[in-house]
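Visitor: Residue numbers (the working numbering), protein chains in the order written: chain V, 1 to 294; chain L, 1 to 294; chain C, 1 to 294; chain R, 1 to 294; chain U, 1 to 294; chain F, 1 to 294.
Here it is, the structure, as structure tokens.
Protein chains: 6
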Amino acid sequence: MNNNDHQLDIFDLLPALIDLKGKRIVVKYGGNAMVDESLQKKVVDDIVFLDLIGVKVVVVHGGGPAISEHMRRVGLKPEFIHGQRRTDNDALEIVEMVLCGKVNNQIVKLINSHGAKAIGLSGKDGNLIRARKLIREVINDGNFDPVDMGCVGEVERIDSSIIEQFFKIGILPVIAPIGVGADFEDYNINADVLASHVASSIEADTIIYLTDVDGLMLDQDEPSSLIRFIDAPTAKSMINREITGGMIPKVASCIKALENGVRSGMIVNGTKDHTMLSSLVFPGEVGTMIRAGL
Amino acid sequence: MNNNDHQLDIFDLLPALIDLKGKRIVVKYGGNAMVDESLQKKVVDDIVFLDLIGVKVVVVHGGGPAISEHMRRVGLKPEFIHGQRRTDNDALEIVEMVLCGKVNNQIVKLINSHGAKAIGLSGKDGNLIRARKLIREVINDGNFDPVDMGCVGEVERIDSSIIEQFFKIGILPVIAPIGVGADFEDYNINADVLASHVASSIEADTIIYLTDVDGLMLDQDEPSSLIRFIDAPTAKSMINREITGGMIPKVASCIKALENGVRSGMIVNGTKDHTMLSSLVFPGEVGTMIRAGL
Amino acid sequence: MNNNDHQLDIFDLLPALIDLKGKRIVVKYGGNAMVDESLQKKVVDDIVFLDLIGVKVVVVHGGGPAISEHMRRVGLKPEFIHGQRRTDNDALEIVEMVLCGKVNNQIVKLINSHGAKAIGLSGKDGNLIRARKLIREVINDGNFDPVDMGCVGEVERIDSSIIEQFFKIGILPVIAPIGVGADFEDYNINADVLASHVASSIEADTIIYLTDVDGLMLDQDEPSSLIRFIDAPTAKSMINREITGGMIPKVASCIKALENGVRSGMIVNGTKDHTMLSSLVFPGEVGTMIRAGL
Amino acid sequence: MNNNDHQLDIFDLLPALIDLKGKRIVVKYGGNAMVDESLQKKVVDDIVFLDLIGVKVVVVHGGGPAISEHMRRVGLKPEFIHGQRRTDNDALEIVEMVLCGKVNNQIVKLINSHGAKAIGLSGKDGNLIRARKLIREVINDGNFDPVDMGCVGEVERIDSSIIEQFFKIGILPVIAPIGVGADFEDYNINADVLASHVASSIEADTIIYLTDVDGLMLDQDEPSSLIRFIDAPTAKSMINREITGGMIPKVASCIKALENGVRSGMIVNGTKDHTMLSSLVFPGEVGTMIRAGL
Amino acid sequence: MNNNDHQLDIFDLLPALIDLKGKRIVVKYGGNAMVDESLQKKVVDDIVFLDLIGVKVVVVHGGGPAISEHMRRVGLKPEFIHGQRRTDNDALEIVEMVLCGKVNNQIVKLINSHGAKAIGLSGKDGNLIRARKLIREVINDGNFDPVDMGCVGEVERIDSSIIEQFFKIGILPVIAPIGVGADFEDYNINADVLASHVASSIEADTIIYLTDVDGLMLDQDEPSSLIRFIDAPTAKSMINREITGGMIPKVASCIKALENGVRSGMIVNGTKDHTMLSSLVFPGEVGTMIRAGL
Amino acid sequence: MNNNDHQLDIFDLLPALIDLKGKRIVVKYGGNAMVDESLQKKVVDDIVFLDLIGVKVVVVHGGGPAISEHMRRVGLKPEFIHGQRRTDNDALEIVEMVLCGKVNNQIVKLINSHGAKAIGLSGKDGNLIRARKLIREVINDGNFDPVDMGCVGEVERIDSSIIEQFFKIGILPVIAPIGVGADFEDYNINADVLASHVASSIEADTIIYLTDVDGLMLDQDEPSSLIRFIDAPTAKSMINREITGGMIPKVASCIKALENGVRSGMIVNGTKDHTMLSSLVFPGEVGTMIRAGL
């Protein structure tokens, strides 16, 4: 089924919109959906409309291609290990500048220009995100070897009090994935993972991952293979099998959020029109909904 | 008199501290005071202590040398016209990245690591700063010629409601000098001027300009020539005469703030120990206090 | 232009909806729009959607044909003088029972079943409407003769504090046109006039009269004669000339509201689809907007 | 002992009044106490005084003779099965009109005219009372046969949030016994039973049933047989034995309230002077107090 | 007319009590009414009942005979000049100890034991009363000679914010007439005068002076000469003529309060039963009511 | 180590001060520290500074020598049994006058003159302290004989709601050790013991006993014998052995507070400069800290 078949007529949606009122939703926004300007506008329209009808939205974003692009501009070479950016101190400086000084700013401005009231945050603001160095291991000749990813961190604790205060005064938080250590070191955090932590810290109703595919599909080339509903244990068992590549951190983080009390997760295509809103008001028709299970 | 002669003993200061409680103070922080790390720590100590005793502090910062440095890194050539950076679109991207993604972040983190709760803002956050293109003129062959400064803006309106909300929930705002136009263009704004606008928008009691000299001096080489108190009209008459160079925008902005209801202005040396706090508790002994006049 | 041409697509409307947020709107609901059940549902959809997006709505309703019908059932004969129901004590008992025990209840239930939280009020609730006996005069042989309309009242004072409290706790008030005198007599009040008083008491942004024609028309049979915008003085001068019959109290009450500070008035066709919402988001395209004038 | 022997002197009562402050009391008002106008005034005086000294009062009322009277007026024949009115759709229309448009209005107005601030509610207002069809059975030839009572309902759920909000803003709720089903059908509910549900939903301290006898009496003709205190289990065992007729639903509902956490119940004579207040300040001297038991 | 003729039946009084709700009343309590224990109890009953029905009461008290008595006990000789106690430093110590450590405590305890929540204050608490040395003059050989009254003060300023905060949290303030100077000296203040200042600082509705006569009387021995209503200018013209002795400061202070916005003043007999409450509910029948005038 | 070695430089202390913010501290103030005026000023400086930085302070005080002195002045003979004043009715009158009308007043005034906002309370204010007669026993010929101490009481219950309300509105409570019985008798309470009850009733972080020695010392004449940290069980075992005389009630009360949830206790020398503040910011260096134990 094609998203575009849905007319977003107010009064068809009214009962679903009434149900959404007061809900808490974390949107992980990144990748290609963030690059195209006209797509950006539609995602932001969805966000602003949700805000208008009383949904409490938090946006967590990544940096995408802009980081690598700027790194190259200053003569640094992007390097990835198993899909995660190795971030030395020089890289980190660029990562933060792009994330906080460019991407975050831009999303905030776009949301505000459409009539909501957003404020950009990184983990440094109000000690929002406490992180620690992430130790990854790779299998090497049958051994697990730790790999130094540099300034890449994992979340230790989210202080959601600021998000709660923002909700109370009608401000929509837009969060860049930078955390601070007990040692006051900065860490770059995977945005998919961060979104999951943020969602459980605010006891979100739904976490939405915007991707560039229509959802979990058994066969990427076969639209009819889209999984409309799936429970978390089943989804978990599909990781590294049917679920591969960039979809893994999204699905794994989504499952983690469900295990920590978030009620449902959505994998939706952020490169198509208004799929985020559609997925909320037409669950099962747009995107894949992951539920906690039996 | 040397600042360092002042022992900042709690109980000597107590009556002055009691008087400060509940006051609103805007601090313009920039230049060299921002570069040296141990100086930074002292300025931040002052800010955190003021926050602790119930002073409502707003920090407005510039970018200083970091902007030019990063521009050069990406192959752009910094260009200044009468002390103001000409900012084309390419430059603006760097300006924002450095201001919001590096300098602002750093100040926020430093303040938070000392125990207060700061959040960084630019004019994009919550539509804080509405700006418009600044038209400057230079005298050219006896004619006033407009000069295109690029994306350099002047303040049209400060929406101080967010600052007020932050004050209520105990958050200290740290503001980067980026504004947004009605046309949703971004503008780089002079931080000295912005501080003045912010101060009048919140009806501040005091605006403090941190510089690298001890205050207004008739003779820079003669410490005894420091002016301890001056009224705004007198200060105004000294602009372009005794007051020159980088001191001009500070003093002019400070006078503007006084004309718009701010009660007093301070020009203090941010490169010496705890001069900000000292200037507040020992007015007349540290820095120059500018008062509205008769 | 036909109302039905408007697709009420959320994202076309978004900027207009953002503007509506927080506005205060009084809706006079009555006549035929109230009789047909499917029309009722659409009017209520509009009301519930406005409530959802943060508009503060008050509904004021009349009783329409239901009153006369029930009077006949108990053997009373409805009697009208210049379009106003003569209401003796026996009639008043029926009027109140129908207004409060049937019509008001029904509107409240319909609104609540669609997801908002309405509470029905008459002027007796919390002393909302203080009224006094209305003295009308008719021209008789060239003399003005007072006519005893019975228990028909005019508004002396609205105590809007309850409406304000309802707004604060998210309750939508639905008001039946019964007032109470200083003498504790009950009075039936013209609902068009009451809506005007309610609107000025809460400093409403807009008052909307739902009728069964498309707006003010110079020629009822000629759709193109619809007046899209008109100022209050011009409208006033048309009363008893182009404006006749049941439209007179609506337009006169609307003008009165504008004179007492309400910002705009709308005359819209409540028997067509979603004209109320359309008139708010497409002013000039649906219904007639009356503005205070120069 | 005669109630009238009590002088309601303020200062004799002061300690008892101080104890009442802040208590929550549900008053079931109906029957003959509601018919006589001078008795009404006294009951309302008691209610308004309790409100004045800070007691949180809720009034739940029935319709009494007014319903049957109006039904006859429109040619409907009242019909009762085991003391409960069979209510078909035609009857229900009249029941609602009389309850909400006449009886409720009148009580609200009377309370307000004495200086308190009451608002009338039915189960439709703010979805206060969710009901479902009541299935009753009668013994017929030794079998239990279900009897169709028509639109008679039983309480499924009370949403007391509106009552709580009214308490906070100083409004006294007066509740008519109409509920709404999940199917949006209206239901007539027994007011004695409704009072019990309301009382437990707000964790009332006391529920008071106003009747036309002095309390529970072993012999109606012998004043000295009045039971002053009784515990719930004992009272329960007396149902259908010493307790008969119209007293049964009152006592049974009262016991139900006690089982659901209400602290005490009173059966008092609403046709005598100020018995409600007297029963509260002279427990054991006026009316019968039912207590939860050991 | 004798006060005791009034039955303080709750329901006779109800309309008057409703009117009192929310009013602000300052009671000057002192002299003989304070000495007799059973009279104390009645005055306190009145105060507690007023508090119960939502009247905002402030009690201001004097010290009466207890001060002189204790002074004599420690060997000091009470000395009066024109009715005012000369208060040297030794005397002041005793004055404060008796006022704050005995009289105030006792009133507070009595009020609390009857069920209200009172807190005792002197001018030292929360800087409530700022005073300055009172300079009095006596006519001596035709000259005005200043007399040194010692530590006797006049009110410079009342900081009513604490009283307002107490009102908000349901606490009844009981104030002893001690003020503090800018020099941090303590001053004894005339309680009649203080009551007047307190009343105007909180914009009281009524100030009540409890005395030991029935009100203003043209002939103390002739009950029928009691003045029931009088306006302030007339009362003023009677000072030093019909009004003499200890009544002068009461009437003069009362007039001062009326000139500063208090709506009415009462002079009532605190040695008779419940005259304070009676004077409020039966104005014109008990005590003398002084009104601001035409 | 000598207290005076500590420079109370703001910025040395900053981290410790940040930690103190929001803490709750009960200070028992009495004895010699209260007599010397210049010492008083320093203790009050500490209190006012703690208040300034957001610490919630409660002061509980005793009466010290002033009571005995005043008793002698009125011809009463102070009498002590095992260190506790026997207080007959005559003595109690003096005790209250001195405690509430002299000592409490003075502390309140001193605190307020330094810029905080204190209000004095005794147990009578707002029913703060409910007490009952204390029965003590002495060993007499091998028997335990009860001794009548007169109006000496022990704490039955602290109603801390007033303290909490004072905290909320920024008022610092200063409490005199007078309680009231269920029988409305007044009781004199040991201030050391009262401080402990107050501390546990507000779940204080720290209770501080100001004494005239440097802390718990194994040898009073040997400064180096000062115990810096001790746990409650160890301290308990030292009572009547190493801990003797006036230190016993302090240590015993402190232990009791720890057993009831207070986190730490301090025994510090109130006769030296700023030892209270020093003990909080330099724990282990000034005074003895008693901790709950393992």
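All C-beta atoms in this analysis are idealised placements derived from N, C-alpha and C, irrespective of residue type, glycine included.
1. Using only the alpha-carbon positions, how far apart do ASP145 of chain R and LYS133 of chain R sit?
2. Using CA atoms only, rank isn't needed, just tell me which of U:ILE47, U:GLN40, U:SER161, U:ARG72 is closest to LYS272 of chain U.
3. Mind checking if ASP9 of chain U is an interface residue toward chain R, Cβ cutoff 8 Å exclusive?
4. Could you name the residues of chain V that VAL48 of chain C contacts, counting a contact when the two beta carbons are closer than 8 Å?
5. Spatial neighbours of ARG291 of chain R within its chain, please: CB distance less than 6 Å, with the 5 preceding and 5 following residues excluded, ordered by chain position.
6. Indicate the three-state DSSP secondary structure (helix, strand or coil) for GLU154 of chain R in the structure shown.
7. Rounded to whole angstroms, what's the CA-CA distance from ILE94 of chain R to ASP221 of chain C? Just pull it up for me.
8. Taking buried to mean at least 16 other C-beta atoms within 10 Å of its own C-beta, is ILE207 of chain C buried or exposed?
9. Looking only at C-alpha atoms, which of L:GLY245, L:GLY293, L:PHE282, L:GLU242 sits nearest to GLU259 of chain L?
10. Hey, out of V:PHE166, V:GLN84, V:SER68, V:ASN127, whose CA is closest to LEU99 of chain V's CA?
11. Which residues, taken in chain order from the segment 49-61 of chain R, show a beta carbon closer than 8 Å to some beta carbon of chain U?
12. For a test of your reading of the model: does the CB of GLY170 of chain U fall under 7 Å from any non-hydrogen atom of the ligand NAP? Yes or no.
13. Residues of the segment 79-100 of chain F with a CB closer than 8 Å to any CB of chain U: list them in chain order, please.
14. Which value, in whole angstroms, describes the spacing of the CA atoms of LYS109 of chain V and SER253 of chain L?
15. For the segment 151-168 of chain L, which residues have a CB atom closer than 7 Å to at least one CB atom of chain V, in sequence order?
16. Count the other CB atoms within 10 Å of the CB of THR275 of chain F; is the residue buried (16 or more) or exposed (fewer)?
17. Helix or strand or just coil, what does DSSP make of GLU242 of chain C?
18. Measuring only the C-alpha atoms, how far is GLY179 of chain L from LEU280 of chain V?
19. With a CB to CB cut of under 8 Å and the five nearest residues on each side skipped, what residues in its chain are close to ASP125 of chain C?
20. Are any of the Cβ atoms in chain C nearer than 8 Å to that of ILE175 of chain R?
21. Is the separation between the beta-carbon of ILE248 of chain F and that of VAL147 of chain F shorter than 8 Å?
22. At which residues does the beta strand (DSSP E) containing MET289 of chain L begin and terminate?
23. Per DSSP, which one or two residues make a beta bridge with SER122 of chain U?
24. Does the distance from the C-beta atom of THR211 of chain U to that of GLY270 of chain U stay below 8 Å?
25. Roughly how many whole angstroms lie between the Cα atoms of LYS28 of chain L and THR288 of chain L?
26. From the DSSP output, read off the bridge partner residues of GLU308 of chain U.
27. Under 8 Å, CB to CB, which of the residues in the segment 108-131 of chain U have a partner in chain F?
28. What residues of chain F sit near VAL74 of chain U, judged by a beta carbon separation below 7 Å?
29. Mind listing the chain U neighbours of LYS360 of chain R? Cutoff is C-beta to C-beta under 7 Å, in chain order.
30. Let me check understanding here. Comparing Cα to Cα, which of F:ASP183, F:ILE175, F:PHE184, F:GLU185 lies closest to VAL193 of chain F?
31. Beta strand (DSSP E) containing ARG263 of chain C: first to last residue?
32. Cβ closer than 7 Å: which chain V residues qualify as neighbours of ASP45 of chain C?
33. Determine whether the Cβ of PHE184 of chain C lies closer than 8 Å to any Cβ atom of chain R.
34. Mind checking whether LEU92 of chain R and ASN188 of chain R have CB atoms under 8 Å apart?
35. For the alpha helix (DSSP H) containing ALA195 of chain F, name the first residue and the last one.
Guide: On the basis of the data shown:
1. The alpha-carbon separation between ASP145 of chain R and LYS133 of chain R amounts to approximately 16 Å.
2. Comparing Cα positions, the closest option is U:GLN40.
3. Yes, because at least one Cβ of chain R sits closer than 8 Å to the Cβ of ASP9 of chain U.
4. Within 8 Å Cβ-Cβ: LEU14, ILE18.
5. Residues of the same chain with a CB within less than 6 Å of the CB of ARG291 of chain R, apart from the 5 flanking positions on each side, are ASP231, SER264 in chain order.
6. Residue state, collapsed to three classes: strand.
7. Going by the C-alpha atoms only, they are around 41 Å apart.
8. Under this definition ILE207 of chain C is a buried residue.
9. When the alpha-carbon of GLU259 of chain L is set against those of L:GLY245, L:GLY293, L:PHE282, L:GLU242, the nearest one is in L:GLY293.
10. Minimum Cα distance to LEU99 of chain V is reached at V:SER68.
11. Flagged, chain order: PHE49, LEU52, ILE53, GLY54.
12. The ligand NAP is not part of this structure, which contains no ligands at all.
13. Those residues of the segment 79-100 of chain F that come within reach of chain U (Cβ to Cβ, closer than 8 Å) are GLU93, GLU96, MET97, VAL98, LEU99, CYS100.
14. Here the alpha carbon of LYS109 of chain V sits roughly 27 Å from the alpha carbon of SER253 of chain L.
15. The residues in question are GLN165.
16. So THR275 of chain F counts as buried.
17. Correct three-state label for GLU242 of chain C: coil.
18. Between GLY179 of chain L and LEU280 of chain V, the C-alpha separation is close to 35 Å.
19. If the five residues before and after ASP125 of chain C are omitted, its C-beta is found closer than 8 Å to the C-beta atoms of ILE162, all from its own chain and listed in chain order.
20. With 8 Å as the cut-off, ILE175 of chain R does not count as an interface residue toward chain C.
21. No, Cβ-Cβ distance for ILE248 of chain F and VAL147 of chain F is not below 8 Å.
22. Per DSSP, MET289 of chain L belongs to the beta strand (DSSP E) from 288-291.
23. When beta bridges are read from the DSSP output, SER122 of chain U appears opposite U:ALA176.
24. A contact, by the Cβ cut-off of 8 Å.
25. Straight-line spacing of the CA atoms in LYS28 of chain L and THR288 of chain L works out to 15 Å.
26. Residue 308 of chain U cannot be examined here, being either before or after the span of chain U that is shown, 1 to 294.
27. Flagged, chain order: VAL108, LYS109, ASN112, SER113, LYS117, ALA118, ILE119, GLY120, LEU121, SER122, LYS124, ASP125, GLY126, ASN127.
28. Residues of chain F passing the Cβ test: ARG73, VAL74.
29. Not covered by the structure: residue 360 of chain R. The range shown for chain R is 1 to 294.
30. The shortest C-alpha to C-alpha distance from VAL193 of chain F to any of F:ASP183, F:ILE175, F:PHE184, F:GLU185 is the one to F:ILE175.
31. For ARG263 of chain C, no beta strand (DSSP E) encloses it, and the DSSP letter there is neither H nor E.
32. Within 7 Å Cβ-Cβ: PHE11, LEU14.
33. By this cut-off, PHE184 of chain C is an interface position.
34. With contacts defined as CB atoms closer than 8 Å, LEU92 of chain R and ASN188 of chain R qualify as a contacting pair.
35. Run containing ALA195 of chain F: 191-201, per the alpha helix (DSSP H) assignment.
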